[in-house]
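Heads up, the thing below is written out as structure tokens.
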Amino acid sequence: MLSFFSKYISRLLLLGTGVMIFVLQGCDPQESVPKEYPDKEEMASILADLYWTESVISNNNRGPLSEDMGEDRIPGYYRTVLDKYDLTAEGFDSIRQWYASHPYHYQDVYQQTIEILSKREADFNKRLKEQKAKEDTTNILKDLWVKERTLRVTPGDTANLRLPFEVSVDSLVSGNVRLTSFYKFLRADMTRNAHVEMISMYSDSTMDTISYDLEKAFKNKSFSISQPIDTADTVIQISGFLFDHDSTERAAIEFSKIKLEHFELKEDSVISIDHKDLPKLKKIEIR
1 MLSFFSKYIS RLLLLGTGVM IFVLQGCDPQ ESVPKEYPDK EEMASILADL
51 YWTESVISNN NRGPLSEDMG EDRIPGYYRT VLDKYDLTAE GFDSIRQWYA
101 SHPYHYQDVY QQTIEILSKR EADFNKRLKE QKAKEDTTNI LKDLWVKERT
151 LRVTPGDTAN LRLPFEVSVD SLVSGNVRLT SFYKFLRADM TRNAHVEMIS
201 MYSDSTMDTI SYDLEKAFKN KSFSISQPID TADTVIQISG FLFDHDSTER
251 AAIEFSKIKL EHFELKEDSV ISIDHKDLPK LKKIEIR
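Just so you know, we're using this note's numbering here: the sequence shown kicks off at 1 and counts up by one.
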């Protein structure tokens, strides 16, 4: 879904310009808001709550104002918003009419409403993104790793010091390939510039290479590298080195819980404010 601002900002600017022209044509800016009415700041909060509620309902596929309800009707779940501000539908309608007839004040309300909704939308999507970051956002199709899940290099080893791996695959044509593992250096290690390297070979013999520098850590530390599959060709082999380095010194490291996964990303979702032109003060009727 498109973001509210990418879809509606041009409309809002035009609406704001129209209000300002009307203001300059003869509205008396000295007339204050009646004491019994919400001030401009509170009015902006009320409108923001109403529009936000409508947007949440709409994003839950329950729809905003439906045609069979009529343009001047709002369903009962808006009652909680008016109750929050100790307002009746009739009382809010009177306030709406006053602000609509005083565009000098309404322009301020309009700007504040946009600011509130902008911040609320950004905060919500930030929290949603943080929550999704804690969840598994992938659809695992297959674990391609065929070796042992734990591999170790010790100072006494003389072969396979870079821990090479090679996996033939059955023509991967979409998604991503991800290599993950925990690792920890052992105290005897003297290597420098250690890194993980993964190579994707395509059927036309071209290759994509991705690497990850291994920080010198003596407690378990995780790493993850992923390579999107070029849909123009098919991947036929995944290879590389868990422990590539440019040193002849003693090597000592352990990798555990090794996985080489073919996966697809799940569709992300964010909330977007998708309602009628903002703000439009209409008479409302609570059912």
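We treat Cβ as the ideally placed atom computed from N, Cα and C, and that holds for glycine.
- Query: Does the beta-carbon distance from residue 253 to residue 149 come in below 8 Å?
  - Reply: Against the sequence shown, residue 253 aligns to sequence position 253. Against the sequence shown, residue 149 aligns to sequence position 149. Result no, Cβ atoms of residue 253 and residue 149 do not sit closer than 8 Å.
- Message: Starting from residue 183, trace the beta strand (DSSP E) in both directions and tell me its first and last residue.
- Response: Stepping through the sequence shown from its first residue, residue 183 is reached at position 183. Start and end: 176-185.
- Take residue 239 and list the residues in its own chain whose beta-carbon comes closer than 6 Å to its own, dropping the five residues that flank it on each side. Along the sequence shown, read from residue 1 onward, the residue named residue 239 stands at position 239. 166 and 199, listed in sequence order.
- Task: Tell me whether residue 47 sits in a helix, a strand or coil according to DSSP, three-state version.
- Result: Counted from its first residue, the sequence shown places residue 47 at position 47. Reduced to three states, the DSSP call for residue 47 is helix.
- Counting along the chain, where does the beta strand (DSSP E) carrying residue 242 start and finish? For the purposes of this step, residue 242 is taken as the residue at position 242 of the sequence shown. Per DSSP, residue 242 belongs to the beta strand (DSSP E) from 235-244.
- Alpha-carbon to alpha-carbon, residue 132 and residue 40: Residue 40 sits at position 40 when you count from the first residue of the sequence shown. Residue 132 sits at position 132 when you count from the first residue of the sequence shown. Going from the Cα of residue 40 to the Cα of residue 132 covers about 36 Å.
- Query: Which residues share a DSSP beta bridge with residue 139?
  - Reply: Taking the sequence shown and counting its residues from 1, one reaches residue 139 at position 139. DSSP output for residue 139 lists 264 as bridge partner(s).
- Query: Taking the C-alpha atoms as reference points, what is the distance between residue 255 and residue 181?
  - Reply: Position 255 of the sequence shown, counting from 1, holds the residue named residue 255. Position 181 of the sequence shown, counting from 1, holds the residue named residue 181. Going by the C-alpha atoms only, they are around 6 Å apart.
- According to DSSP, what are the bridge partners of residue 164? The residue you call residue 164 lines up with position 164 of the sequence shown. In DSSP, residue 164 forms a bridge with 241.
- Message: Counting only C-beta atoms, is residue 222 closer than 8 Å to chain C at any point?
- Response: Here there is only one protein chain, and chain C is not present.
- Message: Applying the 10 Å Cβ sphere with the 16-neighbour rule, what's the burial state of residue 107?
- Response: As a first step, residue 107 must be located in the sequence shown, where it is residue number 107. Residue 107 is buried by the Cβ-count criterion.
- Item | 8 Å Cβ cutoff met for residue 197 and residue 244 | As a working mapping, residue 197 is identified with position 197 in the sequence shown. As a working mapping, residue 244 is identified with position 244 in the sequence shown. In contact: residue 197 and residue 244 (Cβ atoms closer than 8 Å).
- Measure from the alpha carbon of residue 36 to the alpha carbon of each residue in 155, 98 and 78, then state which is nearest. The count along the sequence shown starts at 1 and reaches residue 36 at position 36. Of the candidates 155, 98 and 78, the one whose C-alpha sits nearest the C-alpha of residue 36 is 98.
- From 124, 227 and 213, residue whose alpha carbon lies closest to that of residue 221: One-based indexing of the sequence shown puts residue 221 at position 221. Considering only alpha carbons, the answer is 213.
- Message: Which same chain residues end up closer than 8 Å to residue 84 when comparing Cβ atoms and leaving out the 5 residues on each side of it in sequence?
- Response: Within the sequence shown, residue 84 is the residue found at index 84, counting from 1. Taken in chain order, the residues that qualify are 49.
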